[in-house]
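Worksheet: one structure, shown below.
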Amino acid sequence: MLLRVLFLHFAPLPILGLHFYMRNDSTRCFYENLAVQHIISAKFNATATIDGLYEKEVDIDLTLTVSETFENNNLAMTKHVKSFGGFDFTALESGEHRFCIHSAVSKAQCVLRVEMNLDIATLRPPGVASAQHRQQAKERINRLVKRLEVLRSHQRTVKNREKAVTILGERLHSKVLSGSFFQAIVSVAICLFQLRSLRGLAGLND
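If you want it as structure tokens, here you go:
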């Protein structure tokens, strides 16, 4: 009965094994479509070689990142490890995820051979899953808060611009009205002057 319960809570999908080569300061990425609550577990081992020969006296630092390509490539996880290690990632939303490994080697002429095993499962044991779920939820909330701050800043900028445009429009409108009023006064004065001139000429003719 216990084995059956564990199987229901942790149903593994096929394991994918692969290996690839990397030079210093290079990045390799792969993509995986994950559904909600799917966990991808990666275990890898990186070895350094020079001209095909194993190099022992070398420091290897790898940076692992997970990005949600379906949501503007939001960074969901970052982890720094040495030559041997791995990571576990639980998807909080369904969609395509990008998994990248960036290399940093103490000897630039080294070539890294990275062996990796990927295991995708539907759920994790409660302790591991809940801890990672809380961390990822916290990171997502922080990203949402930053987005809201950006939106609010943008809204304030737009309102300030609209206010400036309104003030400028009112000033231009006031200047136009003042100019029109001045032109009207000048026109009336000219008409009165012409009328008086015509009356004067008419009086002389009489």
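Read in order, the letters of the sequence shown are residues -17 to -1, 1 to 189 in mature numbering (1 follows the signal peptide of the UniProt record, and there is no 0).
Where a beta carbon is used, it is the ideal one built from N, C-alpha and C, also for glycine.
Given this structure, state the Cα-to-Cα distance separating V49 from E98, to the nearest angstrom. Start at 1 with the first residue of the sequence shown, and residue 49 comes out as number 66. Start at 1 with the first residue of the sequence shown, and residue 98 comes out as number 115. Taking the straight line joining both Cα atoms gives about 18 Å.
Count the other C-beta atoms from every protein chain shown that fall within 10 angstroms of the C-beta of T61, then say buried if there are 16 or more, exposed otherwise. Your numbering for residue 61 matches position 78 in the sequence shown. If you draw a 10 Å sphere on the C-beta of T61, you find fewer than 16 other C-beta atoms in it, and that means exposed.
Could you give the C-beta distance for F72 and I124, rounded to a whole number, given that I count them as a contact under 8 Å? Counting from one through the sequence shown, the residue named residue 72 turns up at place 89. Counting from one through the sequence shown, the residue named residue 124 turns up at place 141. At roughly 18 Å, the Cβ-Cβ gap does not stay under 8 Å, so F72 and I124 are not in contact.
In this structure, how does DSSP classify A74 when only helix, strand and coil are distinguished? Taking the sequence shown and counting its residues from 1, the one referred to as residue 74 is at position 91. In the structure shown, A74 sits in coil (DSSP, three-state: anything other than H, G, I, E or B).
Going by DSSP, name the residue or residues bridged to H21. Here the question's residue 21 lines up with position 38 in the sequence shown. Paired residue(s): none; H21 is not in a bridge.
For G35, three-class secondary structure by DSSP: Indexing the sequence shown from 1 puts residue 35 at position 52. In this structure, G35 counts as coil in the three-state DSSP scheme.
Strictly by DSSP, which residues pair up with I43? Sequence index remark: in the sequence shown, residue 43 carries index 60 (1-based). I43 pairs with V88.
Beta-ladder partner(s) of F58, from DSSP: As a working mapping, residue 58 is identified with position 75 in the sequence shown. Here the sequence assigns Leu to residue 58, which means Phe is not the residue at that position. For L58, which the question treats as bridged, DSSP gives the partners S50.
Between H63, A74 and M5, which lies nearest to Q119 when the distance is taken from Cα to Cα? Sequence index remark: in the sequence shown, residue 119 carries index 136 (1-based). The candidate whose alpha carbon is nearest that of Q119 is A74.
For R135, I'd like the list of residues in its chain whose CB is within less than 6 Å of its CB, leaving aside the five on either flank, ordered along the chain. In the sequence shown, the residue the question calls residue 135 occupies position 152. Hits under 6 Å: none found.
Given this structure, state the Cα-to-Cα distance separating F(-11) from L101, to the nearest angstrom. Translated into positions along the sequence shown, residue -11 becomes position 7. Translated into positions along the sequence shown, residue 101 becomes position 118. Residue confidence is low: F(-11) scores 34 on pLDDT, short of 50, so the model does not pin down where it sits. Its coordinate-derived value is still stated next. Cα to Cα, the separation comes out at about 19 Å.
Just to confirm before moving on: does the CB-CB distance between A29 and I43 stay below 7 Å? Counted from its first residue, the sequence shown places residue 29 at position 46. Counted from its first residue, the sequence shown places residue 43 at position 60. Their beta carbons are under 7 Å apart, which means A29 touches I43 by this criterion.
Own chain partners of A87 with C-beta closer than 8 Å, once the 5 adjacent residues on each side are dropped: Position 104 of the sequence shown, counting from 1, holds the residue named residue 87. So the list reads N7, D8, I43, D44, L45 and T46, once near-sequence residues are dropped.
Buried or exposed (CB count within 10 angstroms, at least 16 for buried), E40: Taking the first residue of the sequence shown as 1, we reach residue 40 at position 57. E40 comes out exposed.
If you draw a straight line from the C-alpha of Q166 to the C-alpha of L160, how long is it? Taking the first residue of the sequence shown as 1, we reach residue 166 at position 183. Taking the first residue of the sequence shown as 1, we reach residue 160 at position 177. Whole-angstrom Cα-Cα distance: 10 Å.
As assigned by DSSP and simplified to three states, the class of C174: Here residue 174 refers to the residue found at position 191 of the sequence shown. Looking at C174 - three-state DSSP - the assignment turns out to be helix.
Is the distance from the Cβ of C93 to the Cβ of A31 below 7 Å? Reading the sequence shown from its first residue, position 110 is the one you call residue 93. Reading the sequence shown from its first residue, position 48 is the one you call residue 31. Pairing C93 with A31 gives a Cβ-Cβ distance under 7 Å.
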